[in-house]
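Residue numbers (the working numbering): 68 to 328.
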């Protein structure tokens, strides 16, 4: 039986591919477990300095596999599902101390859309669409959707996307600031791979501190954020990568970062 998440080890980075193409890579508990295990291994591997997440086949992820929700007439506890599966995944992606690139190769719907938005840099094929499909079945956007949407696209667009559940094409998603950029379908994986490979050569600890600062900013006052920047910068200034970056700048050569704290 094919694994539900494929792990491709590259030089300093990894590609994680959601691998249920016959179901548009919709999530099951098995896929959650496989992805959690892959991310845990990446967390523990100092040699892995960046991650690329994508989907097999013609779609990125259709969200939850509703066939996995079949019950004998008893309503499922969806809150328990979020607590046990989706929320830990979103928290892990946001807190991972290395950059995560997402290549959205087709439809990203429901939780699939919001898992993509939990990554650091999102590229999408021009044919891709983002759909907050929850309202179609009487549910609330989850997996961080109600947090990410208004911050990325503003209150009015967030409400429209959530309440109407209309597909948002990749080009418009980029124009609205929902994602980093839309690229031609044929170029998606090559561009995403080149970007991830580049990030794997950068000062990984410094990038982790940038993630930490940006994530904290929405809940901080200006004074709190200035204090956080001071504290993070103090630590960043003590790293070997900072010293190397300065030397390389003075010597007018490319820096050779190790990514270590």
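Just so you know, even glycine gets a beta-carbon here, dropped at the ideal spot from N, CA and C.
- Item | In chain order, each alpha helix (DSSP H) run of at least 4 residues that lies wholly inside the region 177-217 | 178-184
- Applying the criterion that 16 or more other CB atoms from any shown protein chain within 10 Å of the CB defines a buried residue, is residue 160 buried or exposed? Working through the chain shown from its first residue, we reach residue 160 at position 93. It is buried - the Cβ of residue 160 has at least 16 other Cβ atoms within 10 Å.
- Determine, using beta carbons only, whether residue 191 and residue 174 come nearer to each other than 7 Å. Numbered from its first residue, the chain shown carries residue 191 at position 124. Numbered from its first residue, the chain shown carries residue 174 at position 107. Going by C-beta atoms, residue 191 is not nearer than 7 Å to residue 174.
- Query: Hey, how far is the Cα of residue 326 from the Cα of residue 134?
  - Reply: By 1-based counting over the chain shown, the position of residue 326 is 259. By 1-based counting over the chain shown, the position of residue 134 is 67. Rounded to whole angstroms, residue 326 to residue 134 spans 43 Å at the Cα level.
- Task: Using a threshold of 7 Å, state whether the C-beta atoms of residue 271 and residue 116 are closer than that.
- Result: Position 204 of the chain shown, counted from the start, is the residue given in the question as residue 271. Position 49 of the chain shown, counted from the start, is the residue given in the question as residue 116. Cβ distance < 7 Å, so residue 271 and residue 116 count as in contact.
- Please state if the CB of residue 187 and the CB of residue 166 are separated by a distance shorter than 7 Å. In the chain shown, residue 166 corresponds to position 99, counting from 1. In the chain shown, residue 187 corresponds to position 120, counting from 1. Yes. Within cutoff.
- Query: Taking C-alpha atoms, which residue in 311, 200, 246 and 91 lies nearest to residue 268?
  - Reply: Translated into the one-based positions of the chain shown, residue 268 becomes position 201. When each option's Cα is compared against that of residue 268, the closest is 311.
- Query: What do you get for residue 302, buried or exposed, if any count of 16 or more other CB atoms within 10 angstroms of its CB means buried?
  - Reply: Numbered from its first residue, the chain shown carries residue 302 at position 235. By the neighbour-count rule (16 or more Cβ atoms within 10 Å), residue 302 is not buried but exposed.
- Task: Following the continuous beta strand (DSSP E) through residue 312, name the residue where it begins and the one where it ends.
- Result: Taking the chain shown and counting its residues from 1, one reaches residue 312 at position 245. Element bounds for residue 312: not the beta strand (DSSP E) but the alpha helix (DSSP H), 307-318.
- Item | Of the listed residues 197, 99 and 229, nearest to residue 126 (C-alpha basis) | In the chain shown, counting from the first residue as 1, residue 126 sits at position 59. The option with the nearest alpha carbon to residue 126 is 197.
- Item | From 82, 74, 316 and 314, residue whose alpha carbon lies closest to that of residue 262 | Mapped onto the chain shown, residue 262 falls at position 195. Here the closest residue by C-alpha is 82.
- Item | Beta-carbon contacts of residue 243 that lie in its chain and below 7 Å, excluding the five residues immediately before and after | The count along the chain shown starts at 1 and reaches residue 243 at position 176. 220 and 224.
- Alpha carbon to alpha carbon, how far is residue 85 from residue 231? Give it in angstroms, no decimals. Your numbering for residue 231 matches position 164 in the chain shown. Your numbering for residue 85 matches position 18 in the chain shown. Their Cα atoms are separated by approximately 27 Å.
- Task: Could you check the C-alpha separation between residue 316 and residue 276 for me, to the nearest Å?
- Result: For the purposes of this step, residue 316 is taken as residue 249 along the chain shown, with counting starting at 1. For the purposes of this step, residue 276 is taken as residue 209 along the chain shown, with counting starting at 1. If you take the alpha carbons of residue 316 and residue 276, they lie about 21 Å apart.
- Assuming residue 185 and residue 157 form a contact by the criterion Cβ under 8 Å, report the distance between their Cβ atoms to the nearest whole angstrom. For this step, residue 185 is matched to residue 118 along the chain shown. For this step, residue 157 is matched to residue 90 along the chain shown. Yes, they are in contact, since the Cβ atoms of residue 185 and residue 157 sit about 5 Å apart, within 8 Å.
- Message: Could you tell me which whole beta strand (DSSP E) segments of length 3 or greater appear in the region 219-254?
- Response: 248-250
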